Amino acid sequence: MQLINNVVVIFLVLVVGFNNAKSQQISYANSTELIDSLLIGYDKRLRPNYGGDPVNVEVSIYVLSFDSFSDCNMDYTMNIYFRQYWNDPRLAFQRAGTDVLSFGHEFSKLIWLPDTFFVNEKHGFAHSVTAKNEFIKVHSSGDVARSLRLSVTASCPMNFRSFPMDTQVCPLSIESYGYTARDIKYTWKNQNAVGTENTLSVFELKGHIQKSQVITVTSGNYSRLNVEFELKRMTGHYLTQIYIPCTMLVILSWISFWLNRRAANVRLVLCTLSLVLMAVGLTIVSYNMPKTSYTKAIDVYMGACMTFVFAALIEFAFVSNTSSDKDDISAKIDKIFRYGYAALFVTFNVIYWLVY
Ligand SMILES: *[C@@H]1O[C@H](CO)[C@@H](O)[C@H](O)[C@H]1NC(C)=O
Ligand SMILES: *[C@@H]1O[C@H](CO)[C@@H](O)[C@H](O)[C@H]1NC(C)=O
Numbered sequence: 069m070q071l072i073n074n075v076v077v078i079f080l081v082l083v084v085g086f087n088n089a090k091s092q093q094i095s096y097a098n099s100t101e102l103i104d105s106l107l108i109g110y111d112k113r114l115r116p117n118y119g120g121d122p123v124n125v126e127v128s129i130y131v132l133s134f135d136s137f138s139d140c141n142m143d144y145t146m147n148i149y150f151r152q153y154w155n156d157p158r159l160a161f162q163r164a165g166t167d168v169l170s171f172g173h174e175f176s177k178l179i180w181l182p183d184t185f186f187v188n189e190k191h192g193f194a195h196s197v198t199a200k201n202e203f204i205k206v207h208s209s210g211d212v213a214r215s216l217r218l219s220v221t222a223s224c225p226m227n228f229r230s231f232p233m234d235t236q237v238c239p240l241s242i243e244s245y246g247y248t249a250r251d252i253k254y255t256w257k258n259q260n261a262v263g264t265e266n267t268l269s270v271f272e273l274k275g276h277i278q279k280s281q282v283i284t285v286t287s288g289n290y291s292r293l294n295v296e297f298e299l300k301r302m303t304g305h306y307l308t309q310i311y312i313p314c315t316m317l318v319i320l321s322w323i324s325f326w327l328n329r330r331a332a333n334v335r336l337v338l339c340t341l342s343l344v345l346m347a348v349g350l351t352i353v354s355y356n357m358p359k360t361s362y363t364k365a366i367d368v369y370m371g372a373c374m375t376f377v378f379a380a381l382i383e384f385a386f387v388s389n390t391s392s393d394k395d396d397i398s399a400k401i402d403k404i405f406r407y408g409y410a411a412l413f414v415t416f417n418v419i420y421w422l423v424y
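Residue numbering for the sequence shown follows this note's numbering, beginning at 69 and increasing consecutively.
Here's what the structure looks like:
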């Protein structure tokens with residue numbers, strides 16, 4: 069009895085397994101046949117609609133993250149899904165129950181692809197962990213969608229005149245390398261073809277603008293897409309690291325006017341200490357800042373603080389040097405400085421923060 073049971077079970081397993089294998093074989097074979105039939109006589113060197121109207125390549129971008137932003141190199145790095153959509157009539161098919169064929173990166177070697185590049189890219193790479201991050205989808209109408217995950221470092225011309233209260237506009241330009249506007253026409257997929265996640269810590273993304281244009285270079289007219297990211301720098305870091313310490317050193321110098329003129333040691337120490345701290349601080353801080361030939365907003369502030377601290381030192385030198393018969397003149401100067409100095413610094417701050 070036991071033996072018969074076992075035999076029956078084994079028989080059932082074999083039959084079911086064989087049937088499964090058979091049905092799978094059939095559907096594999098049918099799909100293979102379909103794909104092969106698409107590629108028979110397909111010449112991937114020729115663009116769709118060769119000799120006719122330009123191929124319309126639609127583009128959409130999703131920015132996963134803005135990874136770094138270099139003031140010194142004037143570039144920025146981002147991680148994007150880069151998607152392109154075009155129609156290749158040679159890949160249209162008719163098969164009941166099948167509307168779309170999905171492929172990995174292998175299929176991209178078999179068909180024509182637009183030779184898109186980023187005009188202002190410095191370097192970049194396509195991700196390939198664990199396999200090439202790419203897919204291709206072919207719809208029955210011949211519509212092809214290709215998606216890639218890329219890291220792109222693109223140049224971004226920056227203006228630091230109002231640094232660190234600045235807003236930078238960073239572009240990304242998309243163009244075909246070889247095909248002129250007669251062969252490829254790029255358009256944005258839709259009004260919101262560029263999606264972003266706001267992940268920058270140094271900058272705040274204010275928005276972006278999509279543009280498309282035809283540019284003329286010596287080798288012909290090319291269709292180009294542009295997206296400009298508007299990025300506003302976060303000022304918090306500079307406020308705590310530079311503006312507040314600077315202001316405090318000025319206040320420190322200002323305190324010296326309230327001390328007794330005869331407490332020369334204390335006043336000297338206060339003034340020189342402020343000056344030295346300021347000089348050291350400036351050197352350290354300016355290391356990490358973009359170097360420009362023009363004056364940045366932050367230079368104005370630091371320069372003004374330095375001048376204020378230095379003025380306090382000069383005043384002290386003058387006051388401590390007057391002879392005792394001119395004591396009341398010194399007292400007067402001290403008094404003027406007590407209020408004038410503070411008033412001047414406040415005025416400077418008001419004007420500064422209104423301008424920038
Ligand atoms: C595969 O093709 C055969 C004959 O061409 C057909 O009978 C069968 O239904 C097809 N199978 C699938 C899953 O499309
Ligand atoms: C490029 O465009 C300009 C202006 O639209 C046109 O005059 C010129 O003939 C075009 N050049 C080519 C090579 O198509």
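Note that the Cβ used here is the ideal one computed from N, Cα and C, for glycine as well. Here the structure is a predicted model, which is why all the values come from computation and not from measurement.
Buried/exposed call for residue i, threshold 16 Cβ in 10 Å
i, result
"F384", "buried"
"L268", "buried"
"T264", "buried"
"D143", "buried"
"V405", "For the sequence presented, residue 405 should be read as Phe rather than Val. So F405 counts as buried."
"K177", "exposed"
"V387", "buried"
"L159", "buried"
"S324", "buried"
"V270", "exposed"
"L107", "exposed"
"E272", "exposed"
"W256", "buried"
"Y352", "According to the sequence provided, residue 352 is Ile. The question's Tyr does not apply to it. With fewer than 16 other Cβ atoms within 10 Å, it is exposed."
"V295", "buried"
"I419", "exposed"
"T415", "exposed"
"W421", "exposed"
Residue i - DSSP class collapsed to helix/strand/coil
i, result
"F171", "strand"
"V81", "With a pLDDT of 48 at V81, under the threshold of 50, the predicted position of this residue should be treated as unreliable, and no value is reported."
"F228", "coil"
"T184", "strand"
"A194", "strand"
"G165", "coil"
"T235", "strand"
"Q259", "coil"
"Y290", "strand"
"L240", "strand"
"S280", "strand"
"G119", "coil"
"R113", "coil"
"L178", "coil"
Limits of the unbroken alpha helix (DSSP H) element including residue i
i, result
"T286", "Counting along the chain, T286 falls outside any alpha helix (DSSP H), and DSSP gives it neither H nor E."
"Y420", "395-423"
"I328", "Here residue 328 is Asn; the residue named in the question, Ile, does not match the sequence. From DSSP, N328 is part of no alpha helix (DSSP H); its letter is neither H nor E."
"N155", "No alpha helix (DSSP H) contains N155, which is instead part of the beta strand (DSSP E) from 143-155."
"Y355", "332-355"
"T308", "Run containing T308: none; DSSP gives neither H nor E here."
"N389", "365-389"
"P358", "Taken as a continuous stretch (DSSP letters only), P358 belongs to no alpha helix (DSSP H), as it is neither H nor E."
"M302", "No alpha helix (DSSP H) contains M302, which DSSP labels as neither H nor E."
"S321", "312-323"
Own chain residues within Cβ distance below 6 Å of residue i, not counting five before or after
i, result
"V81", "Low confidence applies to V81: its pLDDT is 48, below 50, so where it sits in the model is not reliable enough to give any reading."
"V125", "Q152, W154, P182, I252, Y254"
"I283", "Y290, R292"
"K364", "F228, F231"
"E298", "V237, K274, G275"
"I204", "F171, F175, S176, R214"
"R335", "S324, L327, F384"
"N201", "H195, R217"
Chain-order list of residues whose beta-carbon lies under 7 Å from that of residue i (same chain, five-residue window excluded)
i, result
"I148", "I129, Y130, V131, L132, L218, V220"
"L317", "S342, L345, M346, C373, V377"
"L102", "F161, R163"
"T303", "P232, M233"
"G349", "P313"
"K112", "L178, I179, W180"
N- and C-terminal bounds of the beta strand (DSSP E) containing residue i
i, result
"F205", "Correcting the residue type first, residue 205 is Lys in the shown sequence and not Phe. That run of the beta strand (DSSP E) goes 202-207."
"V270", "Element bounds for V270: n/a, residue is neither H nor E."
"R214", "211-223"
"T252", "At residue 252 the sequence reads Ile, which differs from the Thr that was named. First-last of the beta strand (DSSP E) with I252: 252-256."
"G263", "262-264"
"S128", "123-138"
Residue i beta carbon near ligand 4 (any heavy atom closer than 6 Å)
i, result
"R214", "Summarising the ligand content, the structure contains ligand 1 and ligand 2 and does not contain ligand 4."
Own chain, CB closer than 8 Å to residue i, minus 5 neighbours either side, in chain order
i, result
"P239", "N188, A222, C224, N294, V295, E296, F297"
Below 6 Å from a heavy atom of ligand 2 - residues by beta-carbon: T284, G288, N289
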